[in-house]
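Participant: Dropping a structure here in structure tokens format, bear with me for questions.
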Amino acid sequence: MNRFSYARAADVPGAVREAATPRAKFISGGTNLIDLMKYNVEAPSRLVDITRLPGLDTIEAVEGGLRIGALVSNTALAAHPEVEARYPLLSNTILHGASPQLRNAASTGGNLLQRTRCYYFYDTATPCNKREPGTGCPAKAGLSRVHAILGASEQCIATHPSDMCVALAALAATVQVTGPGGDRTIAFADFHRLPGDTPEIDTTLARDEIVTSVTLPADSAAFAAHHTYLKLRDRHSYAFALVSVAAALRMDGGAIAEARIALGGVAHKPWRDPAAEDLLRGQAPGPEAFGRVADHVLADAKGYPGNAFKIGLARRAIVRALAQAAAGTPQRPSDKHYS
Amino acid sequence: MPDHNQALDAAIDHLPIRITINGIEHARAVAPWTILLDLLREDLHLTGSKKGCDHGQCGSCTVLIDGQRMNACLQLAVMRDGAHITTVEGLAAPDGTLHPVQDALIEHDAFQCGYCTPGQICSAFALLTEGRAHTEDEIRESMSSNLCRCGAYPNIVRAVQHVLGGGR
Chain D
1 MNRFSYARAA
11 DVPGAVREAA
21 TPRAKFISGG
31 TNLIDLMKYN
41 VEAPSRLVDI
51 TRLPGLDTIE
61 AVEGGLRIGA
71 LVSNTALAAH
81 PEVEARYPLL
91 SNTILHGASP
101 QLRNAASTGG
111 NLLQRTRCYY
121 FYDTATPCNK
131 REPGTGCPAK
141 AGLSRVHAIL
151 GASEQCIATH
161 PSDMCVALAA
171 LAATVQVTGP
181 GGDRTIAFAD
191 FHRLPGDTPE
201 IDTTLARDEI
211 VTSVTLPADS
221 AAFAAHHTYL
231 KLRDRHSYAF
241 ALVSVAAALR
251 MDGGAIAEAR
261 IALGGVAHKP
271 WRDPAAEDLL
281 RGQAPGPEAF
291 GRVADHVLAD
301 AKGYPGNAFK
311 IGLARRAIVR
321 ALAQAAAGTP
331 QRPSDKHYS
Chain H
1 MPDHNQALDA
11 AIDHLPIRIT
21 INGIEHARAV
31 APWTILLDLL
41 REDLHLTGSK
51 KGCDHGQCGS
61 CTVLIDGQRM
71 NACLQLAVMR
81 DGAHITTVEG
91 LAAPDGTLHP
101 VQDALIEHDA
111 FQCGYCTPGQ
121 ICSAFALLTE
131 GRAHTEDEIR
141 ESMSSNLCRC
151 GAYPNIVRAV
161 QHVLGGGR
């Protein structure tokens, strides 16, 4: 690990000022950053410890929704009674990710900002356009099981690895950030970006901005009765998704009034397709309607030698997740007996 | 870049911390890059917590930080200034009486080489206090980030079930 200096920020403005130091980085849970530093993928000059910032470790009711402080741990967020009752998709999704040890340490803001688990990004002996722009992307012709089939570019086929963010995308969360220019709110769909020609940039957050909270809107509580997070992976626990699907339905009698579908493990960001979701409006739930949605979502999917299987896997996962959501039978993290 | 690092080692101040480990407070001056696991093992000679993967993947460094299980290999010591940490050395009673989790692992033959065992014990201890895992499937999920290369998993699950009072 490289050598660095350390500062403990006392308040948010102080943390933002510290971020002006060249190559400084914020640290909270550290579960991803310290790992990347051990691999010499990240080499910050200064770490700004934000874990003692006041007021960022609480979950509060706001305008009928919930504001989640950026320092709330993944464990505390999943176990919060209001989250379990009104946004159970988020709670359930978080518990499909990482491990108790990591969820205890990892923060809400840090989960959003974790970096891809592309094998080549982690291996400094190989080229990687995300780690070293212009060097190339070995994943396209190499190992690509956890890589993108949607929205990728010739420069990068990495995926965002978070489970939690897939649920936050489905629930149309917003992200509150602060920087030298003041406060702003970013819609979740706009927070992570596609790789394009600049795969080294993961998000629309500026380098000197800090995430202060994530807010769940009031109307997303309408999906509490019909949701699931279906995560398919190479082992049943403690692995990143090959394909995951957060599905949430608002039912009106026997028909679907509104659908939300977000995919993980398939793109550089949690993948939503509002036009595909609209196909379900007013429809009765069933495999044919769900299949049409899946075909729409995957119409432009592109596979590589190592991950083309994921297109078919994603189609079946979308259909099954929607069936689970319609039936009100969410996939439980501890249920290893996949039917 | 050892030369570069040596220069920076001298240039960057070590930072004073107070950290309570198994009930005993320690005052130390640590470099910012000191990992908690290394502080425990190399400085305080508490070698029960093991360095397996050193990347948060194997769970053999699991300790309790302010009551919550975490991977000590992914923690900067300086960030845990003021924390209360429990390692496997701190789970038995002062008179040496083992914690029920430790007894159960012995009783159920739940280890072979033993390298992962301190992490398994700390993780199982936390599982009991968390109170969320009850069934065999839930125990497996909750213990899934503590790897055992000897493959003692079935007996580890039985040991945890025994302590939970729900199985044999």
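Chains D and H, in that order, give the protein sequences. Residue 276 in the numbering used here is what sits at position 276 of the first sequence, and the numbering runs on without skipping anything. Residue 9 in the numbering used here is what sits at position 9 of the second sequence, and the numbering runs on without skipping anything. Ideal placement from N, C-alpha and C gives every residue a C-beta, glycine not left out.
(1) Which first and last residues belong to the alpha helix (DSSP H) in which residue 104 of chain D is found?
(2) Assuming residue 232 of chain D and residue 214 of chain D are in contact, meaning their beta carbons sit under 8 Å apart, how far apart are those beta carbons, in whole angstroms?
(3) Leaving out five residues on either side along the sequence, give the residues of the same chain with a beta carbon under 8 Å from the beta carbon of residue 168 of chain H.
(4) Quick one: does residue 282 of chain D have its CB under 9 Å from some CB of chain H?
(5) In three-state DSSP terms, what is residue 153 of chain D?
(6) In whole angstroms, what is the alpha-carbon distance linking residue 131 of chain D and residue 209 of chain D?
(7) With 9 Å as the threshold, decide whether the Cβ of residue 141 of chain H is near any Cβ in chain D.
(8) Which partner residues does residue 258 of chain D have in the DSSP bridge list?
(9) Could you give the C-beta distance for residue 76 of chain H and residue 20 of chain H, rounded to a whole number, given that I count them as a contact under 8 Å?
(10) Mapping DSSP to helix, strand and coil, what is residue 296 of chain D?
(11) Looking at the C-beta of residue 331 of chain D, does it have a partner C-beta in chain H at a distance below 9 Å?
(12) Is there a Cβ of chain H sitting closer than 9 Å to that of residue 1 of chain D, yes or no?
(13) Does any CB atom of chain H fall closer than 9 Å to the CB of residue 104 of chain D?
(14) Any beta-carbon of chain D closer than 9 Å to the one on residue 69 of chain H?
(15) Should residue 21 of chain H be flagged as near chain D, meaning a C-beta pair shorter than 9 Å?
(16) Could you spell out the range, first to last residue, of the beta strand (DSSP E) harbouring residue 70 of chain H?
(17) At 3 residues or longer, what runs of the beta strand (DSSP E) sit wholly inside the stretch 36-87 of chain H?
(18) Hey, is residue 49 of chain H's beta-carbon within less than 9 Å of any beta-carbon in chain D?
(19) When the Cβ atoms of the stretch 90-102 of chain D are set against those of the stretch 132-147 of chain H, are three or more pairs found closer than 8 Å?
(20) In three-state terms, what does DSSP make of residue 1 of chain H?
Facilitator: Let's see:
(1) Here the alpha helix (DSSP H) through residue 104 of chain D covers 100-105.
(2) Not a contact, Cβ separation roughly 26 Å.
(3) With a pLDDT of 38 at residue 168 of chain H, under the threshold of 50, the modelled position of that residue is not reliable, and the figure given next carries that caveat. Closer than 8 Å at Cβ, skipping near neighbours: 158, 161 and 162.
(4) The beta carbon of residue 282 of chain D does not come within 9 Å of any beta carbon belonging to chain H, so the residue lies off that interface.
(5) In the displayed model, residue 153 of chain D falls within a strand according to three-state DSSP.
(6) Whole-angstrom Cα-Cα distance: 21 Å.
(7) At a cut-off of 9 Å, the C-beta of residue 141 of chain H has a neighbouring C-beta in chain D.
(8) The partner list for residue 258 of chain D (beta bridge, DSSP) reads D/250.
(9) Not really, about 17 Å apart at Cβ, beyond 8 Å.
(10) Helix.
(11) Against chain H, the CB of residue 331 of chain D has no partner CB under 9 Å away; the residue lies outside that interface.
(12) At least one beta carbon of chain H lies nearer than 9 Å to the beta carbon of residue 1 of chain D.
(13) For residue 104 of chain D, the closest Cβ of chain H is nearer than 9 Å.
(14) Chain D, which has a Cβ nearer than 9 Å to the Cβ of residue 69 of chain H, makes this yes.
(15) The beta-carbon of residue 21 of chain H is placed no less than 9 Å from the nearest beta-carbon of chain D.
(16) For residue 70 of chain H, the enclosing beta strand (DSSP E) covers residues 68-71.
(17) Runs of the beta strand (DSSP E) inside the stretch 36-87 of chain H: 62-65, 68-71 and 84-86.
(18) Chain D contact via Cβ: absent.
(19) In short, these stretches touch, since the Cβ pair count reaches three.
(20) At residue 1 of chain H, the pLDDT of 47 sits below 50, so the modelled position is not reliable; the number obtained from the coordinates is stated separately. Looking at residue 1 of chain H - three-state DSSP - the assignment turns out to be coil, as it is neither helix nor strand.
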